[in-house]
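Participant: Count along the sequence shown from 1, add 65, and you get the number used in my numbering.
Cβ coordinates follow ideal geometry from the N, Cα and C atoms, glycine included.
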Amino acid sequence: MNNLVIEKLYIFSTENKTAKLVDFKPGKNIVTSSQIDGNNKGKSVILKSIYHTLGADCKFDPKWDEKEKTYILKVLIDNRTMFFYRHDRLFKIMNDREEIIFETITRTDLAKFLENVFKFAVRLPNKEDNKLEIVPPAYNYILNYIDQDGMDCTNFSSFKNLSQYSNYKENVIYYHTGVFNEEYYHLIKDIEDANSIKENKNKEKKVLESMFERINYNIGTDTYNADINSLKLEIEKYKDEYSKIINQLSSLKKKMINLRNEKEEIELQIKEISNNLKIKDKEIKKSEVNHICPLCNSEIQDNTEIALKKYTEKDDLYILSTNLNIEYIKINTELEKREQQYRELLKKLTEYEDKMKVNSKEVNDVLKIKGMIEIKDNVLKDIEKNDFAIKELDEKIKIFMKSKKEYDEYKKKINKKYYELMYIDKEKMDLKEITDNKIESISSVYNVSGSNRSIATIVWYMNLLKLKEQFNKNVITFPLVIDSPQNGELDDINKSAVLNYIFEKVNKNQQLIVSVLGYDVDKNEMNANNVIFLNNEKYELLNNADYIENIEILHRFNNVKDTDY
Numbered sequence: 066m067n068n069l070v071i072e073k074l075y076i077f078s079t080e081n082k083t084a085k086l087v088d089f090k091p092g093k094n095i096v097t098s099s100q101i102d103g104n105n106k107g108k109s110v111i112l113k114s115i116y117h118t119l120g121a122d123c124k125f126d127p128k129w130d131e132k133e134k135t136y137i138l139k140v141l142i143d144n145r146t147m148f149f150y151r152h153d154r155l156f157k158i159m160n161d162r163e164e165i166i167f168e169t170i171t172r173t174d175l176a177k178f179l180e181n182v183f184k185f186a187v188r189l190p191n192k193e194d195n196k197l198e199i200v201p202p203a204y205n206y207i208l209n210y211i212d213q214d215g216m217d218c219t220n221f222s223s224f225k226n227l228s229q230y231s232n233y234k235e236n237v238i239y240y241h242t243g244v245f246n247e248e249y250y251h252l253i254k255d256i257e258d259a260n261s262i263k264e265n266k267n268k269e270k271k272v273l274e275s276m277f278e279r280i281n282y283n284i285g286t287d288t289y290n291a292d293i294n295s296l297k298l299e300i301e302k303y304k305d306e307y308s309k310i311i312n313q314l315s316s317l318k319k320k321m322i323n324l325r326n327e328k329e330e331i332e333l334q335i336k337e338i339s340n341n342l343k344i345k346d347k348e349i350k351k352s353e354v355n356h357i358c359p360l361c362n363s364e365i366q367d368n369t370e371i372a373l374k375k376y377t378e379k380d381d382l383y384i385l386s387t388n389l390n391i392e393y394i395k396i397n398t399e400l401e402k403r404e405q406q407y408r409e410l411l412k413k414l415t416e417y418e419d420k421m422k423v424n425s426k427e428v429n430d431v432l433k434i435k436g437m438i439e440i441k442d443n444v445l446k447d448i449e450k451n452d453f454a455i456k457e458l459d460e461k462i463k464i465f466m467k468s469k470k471e472y473d474e475y476k477k478k479i480n481k482k483y484y485e486l487m488y489i490d491k492e493k494m495d496l497k498e499i500t501d502n503k504i505e506s507i508s509s510v511y512n513v514s515g516s517n518r519s520i521a522t523i524v525w526y527m528n529l530l531k532l533k534e535q536f537n538k539n540v541i542t543f544p545l546v547i548d549s550p551q552n553g554e555l556d557d558i559n560k561s562a563v564l565n566y567i568f569e570k571v572n573k574n575q576q577l578i579v580s581v582l583g584y585d586v587d588k589n590e591m592n593a594n595n596v597i598f599l600n601n602e603k604y605e606l607l608n609n610a611d612y613i614e615n616i617e618i619l620h621r622f623n624n625v626k627d628t629d630y
């Protein structure tokens with residue numbers, strides 16, 4: 066079983082020259098601050114930043130400008146080290162050899178790449194044509210993150226932009242619990258395809274029957290001249306379309322040439338910045354090792370000010386390089402789009418050429434009596450073939466539906482286990498507002514008000530994870546991140562109870578990262594592997610010391626060479 070473990074989180078503000086490094090350990094991690102004045106220290110920012118860096122969109126406080134920040138995660142995936150980078154919409158991934166193996170500004174591309182990394186990706190039907198597609202990464206982590214503002218009982222409310230898929234809640238849960246696996250979706254695709262083909266065959270049958278009636282009518286009647294004129298008009302129409310496509314191809318070709326020129330120009334600028342960065346590195350090292358001023362070559366006693374100046378110049382180059390990278394990806398994406406349009410137009414051009422040839426031949430032959438009779442016979446044969454194909458499709462659909470019934474039985478099994486788990490825990494946590502009929506299936510909804518709302522939400526998430534653990538145990542396990550489960554309305558007894566519940570319920574092989582206020586290691590009986598205490602000033606999570614000490618990892622993402630994954 067794959068396991069993802071967070072080792073380090075870096076948050077940088079290059080604008081303010083500040084940063085924060087947080088070290089995590091396998092097992093249970095607690096992020097805490099003083100009970101007396103521990104609010105607004107940055108606990109929630111740290112927890113939100115984890116899955117934000119991995120491609121989800123968390124709900125940050127308006128005072129925190131997440132788009133200005135740069136986030137880096139060092140993680141272990143099945144004992145393999147990887148680094149994840151995010152700045153606004155730009156994502157990069159680096160391997161343990163410090164090689165950038167992927168970068169993008171689109172969530173779709175990120176999700177497809179992460180499927181190779183995680184050996185897992187959620188697929189859902191889209192709203193437009195109901196076809197299955199790999200969805201944004203947030204749906205991979207949806208069971209594993211509970212925001213303090215997302216304590217919404219049986220609704221997923223911790224990530225933004227989840228409602229872009231219809232009925233996503235039930236589908237996502239069934240996917241995570243193994244019902245909606247690759248085999249299931251192949252089966253659903255087979256059913257959809259068979260029904261689609263059957264629908265087309267029925268339409269084709271109606272067309273063939275109409276053709277048969279028309280041919281019968283035309284044989285023996287004087288309609289041949291009219292038919293010839295119609296065919297000629299049709300050929301002229303194809304010629305007009307052919308000319309339009311030629312013009313479109315010419316226009317597209319010019320646009321692609323311009324885009325390629327822009328792409329080459331940006332590549333040269335990025336290369337120049339990379340060379341400048343290397344020069345800055347040499348100047349910084351020279352001032353650090355020899356204590357020689359890179360500006361006047363005189364010996365200096367304290368090189369801190371010069372180093373900071375050089376770091377600032379290097380950071381400016383880094384920001385410029387980041388912006389150029391974003392522009393490069395935009396141009397490359399637009400170029401790929403234009404190239405695809407060009408290929409499609411070429412294909413359409415060939416189709417029109419073939420149609421003109423066929424229709425030109427029909428002008429000479431179609432009105433011959435012998436030809437009309439042959440067409441009539443062929444249409445009759447096609448009608449018979451069509452009827453046979455529809456019968457075969459009906460038999461296939463029956464077989465497919467029989468297989469689908471097995472998955473429906475699997476759903477019942479999962480819902481039965483869900484009821485058992487929820488019933489035990491609602492009794493244990495004294496959640497009297499949750500009646501039995503509200504936990505009959507994973508699609509059921511319940512609402513709890515007041516101080517028990519956070520407990521009821523956590524119970525739901527924890528039991529969904531238990532279902533995934535039991536029914537889909539071979540897929541990757543992501544860290545469980547819970548932001549402030551001990552909300553202000555809970556009394557001391559319930560605060561202790563909810564934290565104990567989480568510690569007891571979490572999978573022993575799963576990393577847990579939870580934030581609490583006023584966690585006392587000496588007084589608490591729970592055995593945490595790592596306690597992270599924040600003692601910074603309010604709203605000042607980032608600091609200059611962490612920036613200077615860790616800035617090199619940020620620079621690595623700009624200096625390393627791309628390689629194949």
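What's the C-alpha gap between Asp122 and Asp548?
Facilitator: For Asp122 and Asp548, the distance between alpha carbons rounds to 15 angstroms.
Participant: To which residues does DSSP link Asp548 through a beta bridge?
Facilitator: Paired residues: Ser580.
Participant: With DSSP as the reference, label Asp442 as helix, strand or coil.
Facilitator: Three-state DSSP puts Asp442 in a helix.
Participant: Is the Cβ-Cβ distance between Tyr150 and Leu189 less than 8 angstroms?
Facilitator: Cβ distance not < 8 angstroms, so Tyr150 and Leu189 don't count as in contact.
Participant: Closer than 8 angstroms is the cut-off here; do at least three beta carbon pairs connect the segment 510 to 530 with the segment 215 to 235?
Facilitator: Contact holds: three or more Cβ-Cβ distances are below 8 angstroms.
Participant: Taking only the alpha-carbon atoms, compute the straight-line gap between Asp452 and Glu248 and give it to the nearest angstrom.
Facilitator: Taking the straight line from one Cα to the other gives about 30 angstroms.
Participant: Note the first and the last residue of the continuous beta strand (DSSP E) segment covering Leu74.
Facilitator: Looking at the DSSP string, the run of the beta strand (DSSP E) that includes Leu74 is Leu69 to Ser78.
Participant: Find out if the Cβ-Cβ distance for the pair Ile253, Ile507 is shorter than 8 angstroms.
Facilitator: Not a contact, by the Cβ cut-off of 8 angstroms.
Participant: I need the boundaries of the beta strand (DSSP E) containing Ala84, first residue and last residue.
Facilitator: Element bounds for Ala84: Thr83 to Asp88.
Participant: Whole angstroms is fine: what's the gap from Val546's alpha carbon to Glu269's?
Facilitator: Cα to Cα, the separation comes out at about 55 angstroms.
Participant: Please determine, among Ala259, Lys113 and Val444, the residue with the shortest C-alpha to C-alpha distance to Glu278.
Facilitator: The residue with the shortest Cα to Cα distance from Glu278 is Val444.
Participant: Whole-angstrom Cβ separation of Lys134 and Ser580, contact assumed at under 8 angstroms?
Facilitator: So it is not a contact: roughly 19 angstroms between Cβ atoms.
Participant: Name the residue from Glu348, Lys470, Tyr526 and His241 whose alpha carbon lies nearest to the alpha carbon of Tyr210.
Facilitator: For Tyr210, the nearest C-alpha among the options comes from Tyr526.
Participant: Return the first residue and the last residue of the alpha helix (DSSP H) that Lys108 is part of.
Facilitator: Here the alpha helix (DSSP H) through Lys108 covers Lys108 to Thr118.
Participant: In three-state DSSP terms, what is Pro190?
Facilitator: Note: Pro190 maps to strand in three-state DSSP.
Participant: Let me see if you follow: with CB-CB separation under 8 angstroms, is Gly583 close to chain D or not?
Facilitator: As a matter of chain content, chain D is missing from the structure shown, which is built from one protein chain.
Participant: Taking DSSP as the reference, what is the three-state secondary structure of Tyr566?
Facilitator: In the structure shown, Tyr566 sits in a helix (DSSP, three-state: H, G or I).
Participant: When the Cβ atoms of the segment 493 to 504 are set against those of the segment 454 to 473, are three or more pairs found closer than 8 angstroms?
Facilitator: No contact exists between the segment 493 to 504 and the segment 454 to 473.
Participant: Return helix, strand or coil for Tyr475, following the three-state DSSP convention.
Facilitator: Note: Tyr475 maps to helix in three-state DSSP.
Participant: Can you tell me which of the three DSSP states Tyr150 falls into?
Facilitator: In this structure, Tyr150 counts as strand in the three-state DSSP scheme.
Participant: Tell me whether the beta-carbon of Leu74 lies closer than 8 angstroms to the beta-carbon of Ser114.
Facilitator: Result yes, Cβ atoms of Leu74 and Ser114 sit closer than 8 angstroms.
Participant: If you run the structure through DSSP and keep just helix, strand and coil, what is Ile507?
Facilitator: Correct three-state label for Ile507: coil.
Participant: Between Asp153 and Lys132, how many whole angstroms is the CB-CB distance? I'm expecting something under 8 angstroms.
Facilitator: Asp153 to Lys132, Cβ: 5 angstroms. Contact.
Participant: So is Ala84 buried or exposed if we call it buried at 16+ other beta carbons inside 10 Å?
Facilitator: The residue is buried, with at least 16 neighbouring Cβ atoms inside 10 Å.
Participant: Give the straight-line distance between the Cα atoms of Asn144 and Asn246, rounded to the nearest whole angstrom.
Facilitator: Going by the C-alpha atoms only, they are around 25 angstroms apart.
Participant: Taking only the alpha-carbon atoms, compute the straight-line gap between His251 and Glu257 and give it to the nearest angstrom.
Facilitator: Near 10 angstroms, if we compare the C-alpha coordinates of Glu257 and His251.
Participant: Run through the DSSP bridge pairs and tell me what Lys350 is partnered with.
Facilitator: Note: Lys350 sits in no beta bridge, so no partner.
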